[in-house]
Amino acid sequence: MNPETSTNHGDQPAQPYRFGHARFGSKRHSALTFAALPGIAVAVLAGVLVALTGSFEMASVWVFAIYTVCLAPGCVALVWIVVVDRNSIPGAIRTPEYSVETTWLDKASQTTCLITFPAVGIGAALTSNVPEVSLTLIAVCGLMVLTFVAAYLWEKRRS
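Residue numbers for the sequence shown follow numbering that gives the first Met the number 0, beginning at 0 and rising by one.
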């Protein structure tokens with residue numbers, strides 16, 4: 000398709016992109032294109048911070064390289080989540096909060112919480128003679144309670 004003879008007036012992308020287009024700009028590039036450079040920059044920054052602040056037995060250059068390579072895909076994905084226009088992703092569900100997968104996720108989350116919380120409490124009681132383990136499990140229980148209360152208050156406020 001020749002851009003000069005196209006009937007596209009600039010408000011729609013010339014073609015649908017598998018990963019959607021960005022919420023801003025000309026919408027002629029994939030959102031992944033906009034996310035790649037900032038995502039890699041964040042990964043490089045994290046790699047530098049870890050290499051400079053950590054105490055490793057290997058050279059800092061290797062630490063930097065390993066961390067940067069391992070963090071880059073995740074950082075690019077996080078930036079993509081911020082910049083993508085969800086409505087431009089082919090095949091994306093318009094209301095994902097009403098999908099069957101979301102229902103399954105909600106039920107699985109509830110079951111996980113109902114099983115994990117007592118299991119961690121029982122584990123803390125059984126390991127009371129090992130203070131490090133018991134205190135760690137008690138801290139996990141405390142974190143679970145705080146997370147539950149925060150999520151409950153968030154949902155209450157949203158409704």
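Glycine included, each C-beta is placed from N, C-alpha and C at the ideal position. From a predicted model like this one, the values you see are computed outputs, not experimental measurements.
Problem set entry | Length of the line joining the Cα atoms of L160 and H28 | Residue 160 cannot be examined here, being either before or after the span of the chain that is shown, 0 to 158.
Problem set entry | Rounded C-alpha distance that separates E56 from S158 | Counting from one through the sequence shown, the residue named residue 56 turns up at place 57. Counting from one through the sequence shown, the residue named residue 158 turns up at place 159. Those two C-alpha atoms are separated by around 52 angstroms.
Problem set entry | Distance between I121 and A58 (C-alpha atoms, nearest Å) | Within the sequence shown, the letter at position 59 stands for residue 58. Within the sequence shown, the letter at position 122 stands for residue 121. The alpha-carbon atoms of A58 and I121 are separated by roughly 44 angstroms.
For this session: Would you please state the rounded distance, in angstroms, between the beta carbons of A45 and Y66? I believe it to be under 8 angstroms.
Result: If you number the sequence shown from 1, residue 45 lands on position 46. If you number the sequence shown from 1, residue 66 lands on position 67. The pair is a contact, with the Cβ atoms about 6 angstroms apart (cut-off 8 angstroms).
Exercise. Secondary structure at A30, three-state DSSP: helix, strand or coil?
Worked result: Locating residue 30 in the sequence shown gives position 31, counting from the first residue. It is helical.
For this session: Kindly indicate the opening and closing residues of the alpha helix (DSSP H) around V83.
Result: Taking the sequence shown and counting its residues from 1, one reaches residue 83 at position 84. Neither: V83 is in no alpha helix (DSSP H) and is coded neither H nor E.
For this session: Look at the alpha carbon of A150 and the alpha carbon of N128, and state the distance between them as a whole number of angstroms.
Result: For the purposes of this step, residue 150 is identified with residue 151 of the sequence shown, where counting begins at 1. For the purposes of this step, residue 128 is identified with residue 129 of the sequence shown, where counting begins at 1. Spanning the two alpha carbons is a distance of roughly 33 angstroms.
Exercise. To the nearest angstrom, how far is it from the Cα of P117 to the Cα of A50?
Worked result: Taking the first residue of the sequence shown as 1, we reach residue 117 at position 118. Taking the first residue of the sequence shown as 1, we reach residue 50 at position 51. Cα to Cα, P117 sits roughly 40 angstroms from A50.
Exercise. When we look at the beta-carbon of N87 and count the other beta-carbons within 10 Å, is it buried (16 or more) or exposed?
Worked result: Sequence index remark: in the sequence shown, residue 87 carries index 88 (1-based). Per the sequence shown, the amino acid found at residue 87 is Ser instead of Asn. With 16 or more Cβ atoms within 10 Å of its Cβ, S87 is classed as buried.
Problem set entry | Residues near V43 in its chain [Cβ-Cβ closer than 7 angstroms; skip 5 each side] | Counted from its first residue, the sequence shown places residue 43 at position 44. Closer than 7 angstroms at Cβ, skipping near neighbours: T67.
Exercise. Going by the beta-carbon positions, is the gap between G38 and A64 smaller than 9 angstroms?
Worked result: Mapped onto the sequence shown, residue 38 falls at position 39. Mapped onto the sequence shown, residue 64 falls at position 65. No. Outside cutoff.
For this session: Indicate whether L31 and F23 have their beta-carbon atoms separated by less than 9 angstroms.
Result: In the sequence shown, residue 31 corresponds to position 32, counting from 1. In the sequence shown, residue 23 corresponds to position 24, counting from 1. Taking 9 angstroms as the Cβ cut-off, L31 and F23 do not qualify as a contacting pair.
Problem set entry | First through last residue of the alpha helix (DSSP H) which encompasses R156 | Position 157 of the sequence shown, counted from the first residue, corresponds to residue 156. Counting along the chain, the alpha helix (DSSP H) containing R156 begins and ends at P130 to R157.
Problem set entry | Between the CA atoms of A21 and A107 - distance to the nearest angstrom | Against the sequence shown, residue 107 aligns to sequence position 108. Against the sequence shown, residue 21 aligns to sequence position 22. If I take the Cα positions, the gap works out to 32 angstroms.
Problem set entry | Ordered list of beta strand (DSSP E) runs contained in the region 48–96, each at least 3 residues | none
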